[in-house]
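These notes are about the structure you will find just below.
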Amino acid sequence: MGKKTNITIDFMRKEDIDQVMSIEQASFSMPWSRNLFLSEFRSPGISTLMVALADGPVRTVGGYIVIWLVEDEMHILNLAVTPSLRRQGIARKLVLAAIKRADQKGAKRAFLEVRASNAVAQKLYLDLGFTGTSLRRDYYDAPVEDAVIMALEKDAFEVQSRTAE
Ligand SMILES: CC(C)(COP(=O)(O)OP(=O)(O)OC[C@H]1O[C@@H](n2cnc3c(N)ncnc32)[C@H](O)[C@@H]1OP(=O)(O)O)[C@@H](O)C(=O)NCCC(=O)NCCS
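Just so we're aligned, residue -4 is where the sequence shown starts under the working numbering, counting upward by one.
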């Protein structure tokens, strides 16, 4: 096992966007545009953007999560970790921090869509207590693919909120 990077979770800042964009482009076949990230900053009542910062003298983004809070539901819109820092628990920390934040704001459950072929992400979410609820046919482009809708229901949501550091 390699050495684990020390990680701190913080709110994303506009100055983080260059680093976020390079992780986004390394992670997805249909990456979000810079404008899409920037538009999330304009809806602070709904949108929360968090980053995982790697220890060091300069602010280094190792991963990020974007969530929406709609009534009592948290929706995970985006999650990625820089390829060289994967498999160190960073995504898990980001999801737990987002759940805790959403809980503090009144959320009771969480939802997300994930590509049917993305077994790695599905395993991450299953380990956190999410369950697959349904399929959304041909939801994604490039390549066209179904989305699996996953949910973290009330009891598991509360447990995971208490698990976050
Ligand atoms: C999915 C992703 C965010 C996971 O990030 P990560 O920081 O490597 O994940 P973690 O280290 O927190 O892993 C947590 C758990 O997820 C599962 N997991 C993560 N990577 C895995 C892999 N390569 N193979 C199998 N399971 C994996 C494991 O259950 C892991 O727990 P374990 O290490 O104790 O076995 C990352 O691979 C990524 O950025 N992928 C591209 C973008 C993406 O698919 N985002 C999700 C969109 S819904």
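Cβ coordinates follow ideal geometry from the N, Cα and C atoms, glycine included.
Counting along the chain, no alpha helix (DSSP H) covers Ile41, and no H or E run does either.
With a beta-carbon spacing of about 12 Å, Leu72 and Val90 fall beyond the 8 Å limit used to define contacts. For Lys(-2), the Cβ stays outside the 6 Å cut-off from all heavy atoms of ligand 1. Taking 3 residues as the minimum length, the beta strand (DSSP E) runs contained wholly in the segment 94 to 157 are 104 to 110, 126 to 135, 140 to 147, in order along the chain. Taking all protein chains shown into account, Thr43 has 16 or more neighbouring C-beta atoms within 10 Å of its C-beta and is therefore buried. Of the other Cβ atoms in all chains shown, fewer than 16 fall within 10 Å of the Cβ of Val115; this residue is therefore exposed. The beta carbon of Leu107 sits closer than 6 Å to those of Ile71, Met145, all from its chain and outside the five residues before and after it, given in chain order. Proximity to Arg37 across Val143, Thr55, Phe23, Met7 peaks at Met7, based on C-alpha coordinates.
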